[in-house]
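Residue numbers (the UniProt record's numbering): 1 to 772. Quick reminder that beta carbons are idealized off the backbone N, C-alpha and C, glycines included.
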């Protein structure tokens with residue numbers, strides 16, 4: 001048959017002929033390999049390549065089911081058939097994109113199919129056939145049947161056909177002829193569970209895993225840029241890269257991130273935002289204690305439920321499964337070290353085992369990201385922390401100054417936008433003032449300043465009313481922030497001024513060179529701690545007789561350092577503590593200090609901390625060993641620590657080998673000359689010049705030995721006595737630490753005023769052991 005003619009549509013005689021993608025005709029009508037157009041309606045024409053077969057009745061043209069579906073043909077329908085000739089210069093297929101899926105859903109499997117071999121087989125089976133965009137066909141490969149849809153056809157560059165250099169122009173066509181050097185690219189159908197490997201699969205226009213709307217400041221996160229970039233590099237870089245390159249590298253995705261650090265620094269906020277940052281389904285957020293259940297086996301079942309969706313999707317879609325994020329808040333509640341629980345049920349141990357097997361067990365899941373948060377990483381079972389489980393461990397620490405600027409900017413943005421923030425509020429100044437504030441404390445500071453500003457506009461009448469006229473002019477000013485900074489919000493890991501202010505409430509009385517030299521030495525050690533990279537840990541022991549002002553000097557050196565973290569570890573806060581709880585309290589002070597960039601810890605009255613008494617003698621070896629370790633332990637990288645110890649019993653610490661744990665020792669001495677005593681009285685300001693001259697005359701050429709603290713006490717007593725009974729002679733004596741038993745001292749009275757005398761103890765020839 002030549003030219004145009006009417007033929008009747010029929011069913012393809014055999015399954016084998018259906019797989020050829022040809023329209024089957026009688027030998028009497030057409031020859032195999034010819035191309036025809038089949039016109040079904042005046043406006044619809046379809047191009048087919050024909051194959052002749054003896055079983056086909058002349059005058060009929062047989063189509064397979066996919067062909068009939070594509071062309072909308074019914075059995076017995078009359079169609080117009082005409083010859084079709086391809087233009088070899090313009091209609092040869094350069095590349096063709098084909099969507100592929102299993103023909104029948106029940107025949108799905110999880111094997112990986114090599115797209116390169118598939119493409120070679122396809123070209124071999126269908127060489128010199130015509131293909132049209134939207135065409136449907138069946139393809140047999142590795143004894144499996146696949147349904148194909150032609151998505152896109154690009155013509156071959158005509159200059160290549162002429163043997164010339166390619167021009168690089170790509171032209172899309174609707175109908176093309178498959179030739180030996182055509183390229184076929186397979187693209188997996190959207191809902192298909194088919195796994196393709198190799199290069200002849202499309203780099204699908206995948207939806208990027210990172211949300212395009214993502215912006216740190218909009219999300220309300222500040223000061224965590226470095227941490228975010230580290231997490232991104234470790235956990236998400238492999239998920240953003242094209243999967244075929246990841247496959248070729250044999251790269252496995254990170255499945256777990258552990259965030260730890262002080263409370264209020266943004267761990268939960270960061271985990272929540274990671275969920276928003278990714279184009280994944282809504283994260284499952286679980287509080288650790290919610291997992292636990294009083295019934296046996298229920299806690300483990302709760303863990304399994306969390307992973308059920310991810311498991312189901314992995315079984316259905318394999319490598320094409322979406323990302324499931326599971327966030328565990330307070331992870332230490334359920335993942336304590338195994339074998340440490342005192343309960344007989346061992347429920348914590350089985351919960352840890354269940355979690356381990358789900359994250360990285362025998363049947364491991366690749367479509368999960370588990371984010372754990374805790375401020376006690378030391379409690380968590382070691383098996384969870386290895387690579388393959390919680391592989392990325394990230395400390396979310398206190399923000400630095402740049403981070404504080406970001407956080408304060410985020411929390412004041414809205415006010416600034418509506419003109420409610422006064423022009424005198426300087427964010428960098430506030431950031432400089434808020435050393436060691438966590439993100440939550442900075443947010444609290446902004447809230448406190450807002451409430452102070454609002455309070456100004458409330459009328460002080462019998463009922464609470466807002467002065468609407470003035471409220472419209474409401475602005476939060478610098479003074480509101482400064483007021484809140486000084487009174488309302490104090491950092492948990494900061495300097496508690498009341499803590500050490502009580503130790504120096506009378507100020508430092510510089511009665512002579514010994515005091516100024518101690519303060520100068522202290523300043524040198526502070527500068528060394530700040531500036532030296534070689535000695536991040538500096539420790540100094542202030543030793544001297546009782547009442548010589550050691551604690552006050554230590555507190556003054558600490559205050560003058562202006563370090564963001566200053567803590568006094570004092571025995572008065574540990575009254576009644578057991579040895580173990582005392583060790584834990586001391587360790588907590590040091591652990592808190594390690595969280596700050598610059599810290600100063602004052603370990604006051606060491607012999608009291610050690611429970612030392614000369615009767616016996618007795619002391620706590622447990623506390624001693626803890627202190628010896630902590631005094632020598634360098635802080636983490638990038639952190640610096642100054643330790644100032646005080647003691648009245650240097651000889652005892654020498655025996656306990658504690659003196660060697662300190663970098664240096666500074667001796668604090670008592671007032672030892674009459675001139676120093678007169679200078680001290682002048683600085684205290686409670687005496688007239690005549691009284692001071694009288695005292696100086698009595699002390700001329702004599703040695704004295706009295707601590708500044710004791711002197712202060714006696715002077716205050718003398719003031720009370722003279723006011724109560726003027727002219728009455730009252731004697732007050734003071735024990736001036738004469739030294740160990742067997743040492744001698746010369747003692748004498750000096751008249752202070754109005755009959756009040758002070759008994760001065762002067763060390764004799766055999767001086768007490770604590771003198772230099």
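Alpha carbon of residue i to alpha carbon of residue j, nearest angstrom
i	j	result
residue 12	residue 197	33 Å
residue 641	residue 658	18 Å
residue 563	residue 503	18 Å
residue 441	residue 262	12 Å
residue 443	residue 411	6 Å
residue 476	residue 397	29 Å
residue 741	residue 265	Only weak support is given to the placement of residue 741: the predicted model assigns it a pLDDT of 33, under 50, and the question is left unresolved by the model.
residue 738	residue 651	Residue confidence for residue 738 is low, a pLDDT of 32 falling below 50, so the modelled location carries little weight; the figure read from the coordinates is stated next. Distance between the alpha carbons of residue 738 and residue 651: 16 Å.
residue 86	residue 50	14 Å
residue 568	residue 251	50 Å
residue 32	residue 52	5 Å
residue 285	residue 292	15 Å
residue 15	residue 95	28 Å
residue 509	residue 553	10 Å
residue 592	residue 643	13 Å
residue 586	residue 533	26 Å
residue 582	residue 677	39 Å
residue 505	residue 707	17 Å
residue 207	residue 238	Since pLDDT at residue 207 reaches only 45, below the 50 mark, its modelled position is unreliable, and the value read off the structure follows with that caveat. About 15 Å.
residue 516	residue 224	43 Å
residue 8	residue 43	18 Å
residue 437	residue 481	14 Å
residue 374	residue 385	13 Å
residue 40	residue 367	48 Å
residue 726	residue 571	Note that residue 726 scores 44 on pLDDT, short of 50, meaning its location in the model is unreliable and no value can be drawn from it.
residue 92	residue 35	14 Å
residue 335	residue 352	5 Å
residue 603	residue 619	17 Å
residue 316	residue 107	13 Å
residue 693	residue 522	34 Å
residue 745	residue 710	At residue 745 the pLDDT is 44, less than 50, meaning the model places this residue with poor confidence and gives no usable figure here.
Opposing strand residues paired with residue i [DSSP bridges]
i	result
residue 334	Note: residue 334 sits in no beta bridge, so no partner.
residue 171	155
residue 81	5 and 38
residue 99	149 and 187
residue 394	259
residue 427	DSSP output for residue 427 lists no bridge partner at all.
residue 432	Note: residue 432 sits in no beta bridge, so no partner.
residue 113	196
residue 324	368
Beta strand (DSSP E) segment containing residue i, residue limits
i	result
residue 39	35–41
residue 52	44–52
residue 137	136–141
residue 32	It is not in any beta strand (DSSP E) - residue 32 carries neither H nor E in the DSSP assignment.
residue 259	256–260
residue 62	60–63
residue 446	Run containing residue 446: none in the beta strand (DSSP E); it sits in the alpha helix (DSSP H), 439–455.
residue 522	Careful: residue 522 lies outside any beta strand (DSSP E), inside the alpha helix (DSSP H) at 513–531.
residue 704	703–706
residue 773	Limits of the chain in this structure are 1 at one end and 772 at the other, which puts residue 773 out of reach.
residue 674	That residue, residue 674, is in no beta strand (DSSP E); its alpha helix (DSSP H) goes 674–684.
residue 182	No beta strand (DSSP E) contains residue 182, which DSSP labels as neither H nor E.
Whole-angstrom C-beta distance between residue j and residue i, which should lie under 8 Å
i	j	result
residue 175	residue 130	6 Å
residue 101	residue 229	Not confirmed; about 39 Å, so no contact.
residue 661	residue 671	Incorrect: roughly 30 Å between the Cβ atoms, too far for contact.
residue 596	residue 493	6 Å
Beta carbon proximity, residue i to chain C, threshold 9 Å
i	result
residue 692	Here there is only one protein chain, and chain C is not present.
Where the alpha helix (DSSP H) containing residue i begins and where it ends
i	result
residue 485	478–487
residue 405	401–417
residue 695	689–699
residue 17	15–18
residue 854	There is simply no residue 854 to check, as the chain begins at 1 and stops at 772 in what is shown.
residue 237	237–240
residue 231	225–231
At which residue ranges does the UniProt domain "AAA+ ATPase" (536–672) contain complete beta strand (DSSP E) runs of 3 or more residues, listed in the order of the chain?
-> 537–543, 565–569, 598–603, 640–647 and 664–667
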